[in-house]
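In my numbering, the protein residues as written are 188 to 323.
Beta carbons: idealized from backbone N, C-alpha and C, even for Gly.
Remember, it's a predicted structure, so these values are computed and weren't measured experimentally.
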């Protein structure tokens, strides 16, 4: 059985592969980081908790989200999740990153996620504390 991260990364790679015209690609000076979160706390709270979990994910590390130039956001939930709830996840992440950042998002309904919400985000244009700066 695949873990939550394996399923989410696999689903994200398989279902959310952007076309070249839609992609947010970092240049040589930027890094892209991924965060994932899941919650089953009920309507409204689930989105907020899943977003917080995704933005505080160990996969994102210690990065400055305000410097982000872009975000890919995937909100997955059961048939009980509304588009408004999924859109709220995008607004919440948008409030934490650069106001000029480009955001691409999608909403997916998965019957097996009844009562749950899963958020996956890839943040681009950030610098990691683990980056190596050459020439200094």
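Cutoff 6 Å; reference residue i; Cβ partners in own chain excluding five residues on either side
i           : result
residue 309 : 219, 221, 259
residue 226 : 233, 236, 237, 304
residue 242 : 222
Buried versus exposed call for residue i [16 or more other C-beta atoms within 10 Å across all chains shown]
i           : result
residue 287 : exposed
residue 270 : exposed
residue 282 : exposed
residue 312 : buried
Identified DSSP bridge partners for residue i
i           : result
residue 309 : 221, 259
residue 304 : 226, 264
Endpoints, alpha helix (DSSP H) assigned at residue i
i           : result
residue 275 : 270-283
residue 254 : Element bounds for residue 254: n/a, residue is neither H nor E.
residue 239 : 232-242
Run of the beta strand (DSSP E) containing residue i, from where it starts to where it stops
i           : result
residue 293 : 289-296
Same chain, Cβ closer than 7 Å to residue i, neighbours up to 5 away in sequence not counted
i           : result
residue 285 : 253, 254, 255, 256
Checklist entry - Contact between the segment 301-308 and the segment 234-241: three or more CB pairs below 8 Å? => result yes
Checklist entry - Three or more beta-carbon pairs under 8 Å between the segment 251-265 and the segment 275-282, yes or no? => result yes
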